[in-house]
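Student:
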Amino acid sequence: MELKNKVAVVTGGTRGIGYAIVKAYLNEGAKVVLFGSRKESAEKAVAELKKENAGYEVEGMYPNLTTYAEVENAINSVAKKYGKIDILVNNAGVSARESIYEYNPDDFDNVIKLNVNAVFYATKAVAPIMKANGGGVIINTSSMVSIYGQAAGCAYPASKFAVNGLTKSLARELAADGIRVNAVAPGVTDTDMVANLPEPMREGIKKTIPLGRIGTPEDVANAFVYLASEKASYVTGEILSVDGCART
7 MELKNKVAVV TGGTRGIGYA IVKAYLNEGA KVVLFGSRKE SAEKAVAELK KENAGYEVEG
67 MYPNLTTYAE VENAINSVAK KYGKIDILVN NAGVSARESI YEYNPDDFDN VIKLNVNAVF
127 YATKAVAPIM KANGGGVIIN TSSMVSIYGQ AAGCAYPASK FAVNGLTKSL ARELAADGIR
187 VNAVAPGVTD TDMVANLPEP MREGIKKTIP LGRIGTPEDV ANAFVYLASE KASYVTGEIL
247 SVDGCART
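For the sequence shown, this note's numbering begins at 7 and goes up steadily by one.
Dropping the structure here:
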């Protein structure tokens with residue numbers, strides 16, 4: 007097992023890519039605390055995981071990720087209970103597709119608060135814990151649009167550009183403390199939204215992807231396992247694209 011006895015915190019871990027990351031980490035022997043947006047969603051995700059495998063060491067929490075005090079309290083409570091935090095996955099995020107002509111400034115701010123500020127908050131809270139423990143791993147969820155942009159909903163690619171900047175800068179800053187910082191940039195992934203698209207639209211998407219298929223949450227989760235493992239012990243400051251070479 008790649009992550010045996012490791013303690014991981016995964017934000018946005020109740021569904022989609024985040025849920026797949028949690029499950030992959032559990033299968034690799036980690037103890038996982040998933041953060042959800044609501045008590046109900048966190049408890050539901052934990053129940054589903056326990057139903058699949060009663061031996062999974064997993065629990066859920068639901069701090070407001072856009073409030074630093076709540077994030078810090080949650081991170082500190084995990085460290086107090088388990089004695090350490092080895093891995094932090096900053097996966098929680100929100101997207102949008104509004105045109106600039108229709109974009110409400112408050113909606114723009116909300117995207118930045120969750121997609122950027124929350125990454126900073128969780129990292130700031132966990133870094134001293136990891137430093138005291140001799141090191142750790144932080145992995146951020148970016149996006150292919152952080153590299154190529156998108157035609158509408160400018161807050162989302164802007165936020166993911168910022169995530170890339172945080173990743174590369176923090177990798178340099180925290181390397182001396184034994185903390186590796188990387189990001190994964192998924193392409194089109196078969197989460198609920200994509201799975202519910204009409205088949206002709208899905209076929210059109212596939213034609214834009216050189217590998218000829220839409221990625222699965224498990225494809226993306228595998229990258230998070232690799233970057234959290236000792237196999238990536240000399241990898242930091244990287245933005246790993248998992249997009250089937252869909253350079254659009």
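Ideal placement from N, C-alpha and C gives every residue a C-beta, glycine not left out.
All values derive from a computational prediction rather than experimental measurement.
Rounded to the nearest angstrom, how far is the Cβ of residue 136 from that of residue 185, given a contact under 8 Å?
Tutor: Residue mapping note: residue 136 aligns to position 130 of the sequence shown, counting from 1. Residue mapping note: residue 185 aligns to position 179 of the sequence shown, counting from 1. Yes, residue 136 and residue 185 are in contact; Cβ-Cβ is about 5 Å, under 8 Å.
Student: In three-state terms, what does DSSP make of residue 188?
Tutor: Sequence index remark: in the sequence shown, residue 188 carries index 182 (1-based). The answer is strand: DSSP assigns residue 188 an E or B state.
Student: Can you give the Cα-Cα distance for residue 179 and residue 216, rounded to whole angstroms?
Tutor: As a first step, residue 179 must be located in the sequence shown, where it is residue number 173. As a first step, residue 216 must be located in the sequence shown, where it is residue number 210. Going from the Cα of residue 179 to the Cα of residue 216 covers about 36 Å.
Student: Under 8 Å: do the stretch 138–146 and the stretch 154–165 share three or more Cβ pairs, one atom per stretch?
Tutor: Short answer: they don't touch.
Student: Quick one: what's residue 147 bridged to in DSSP?
Tutor: Here residue 147 corresponds to residue number 141 of the sequence shown, with the count starting at 1. DSSP lists 190 as partners of residue 147.
Student: Is residue 145 near residue 41, with beta carbons less than 8 Å apart?
Tutor: Residue mapping note: residue 145 aligns to position 139 of the sequence shown, counting from 1. Residue mapping note: residue 41 aligns to position 35 of the sequence shown, counting from 1. It is not a contact, given that the beta carbons lie outside the stated cut-off.
Student: Could you tell me the distance, in whole angstroms, from the CA atom of residue 92 to the CA atom of residue 102?
Tutor: Reading the sequence shown from its first residue, position 86 is the one you call residue 92. Reading the sequence shown from its first residue, position 96 is the one you call residue 102. Cα to Cα, the separation comes out at about 32 Å.
Student: What are the start and end residues of each continuous beta strand (DSSP E) run of 3 or more residues lying completely inside the stretch 49–98, in chain order?
Tutor: You should have 64–67, 93–96.
Student: On the criterion of 16 or more Cβ atoms from any shown chain inside 10 Å, does residue 214 qualify as buried, or is it exposed?
Tutor: Residue 214 sits at position 208 when you count from the first residue of the sequence shown. Exposed, since its Cβ has fewer than 16 Cβ neighbours within 10 Å.
Student: Quick check on this structure: which residue in 150, 223, 206, 163 has the alpha carbon closest to the alpha carbon of residue 245?
Tutor: Residue numbering aside, residue 245 sits at position 239 when the sequence shown is read from its first letter. Nearest of 150, 223, 206, 163 to residue 245, Cα basis: 150.
Student: For residue 166 and residue 147, I'd like the C-alpha separation in whole angstroms.
Tutor: Along the sequence shown, one-based indexing puts residue 166 at 160. Along the sequence shown, one-based indexing puts residue 147 at 141. Near 8 Å, if we compare the C-alpha coordinates of residue 147 and residue 166.
Student: Quick one: give me the first and last residue of the beta strand (DSSP E) that residue 37 is part of.
Tutor: Your numbering for residue 37 matches position 31 in the sequence shown. From DSSP, the beta strand (DSSP E) with residue 37 extends over 37–41.
Student: Might you give, ordered along the chain, the residues of its own chain that have their beta carbon closer than 7 Å to the beta carbon of residue 114, omitting 5 neighbours on each side?
Tutor: Here residue 114 corresponds to residue number 108 of the sequence shown, with the count starting at 1. Closer than 7 Å at Cβ, skipping near neighbours: 161.
Student: Contact between the stretch 55–65 and the stretch 118–130 is defined here as three or more beta-carbon pairs at a separation below 8 Å; is this criterion met?
Tutor: No: the two stretches stay apart, fewer than three of their Cβ pairs being nearer than 8 Å.
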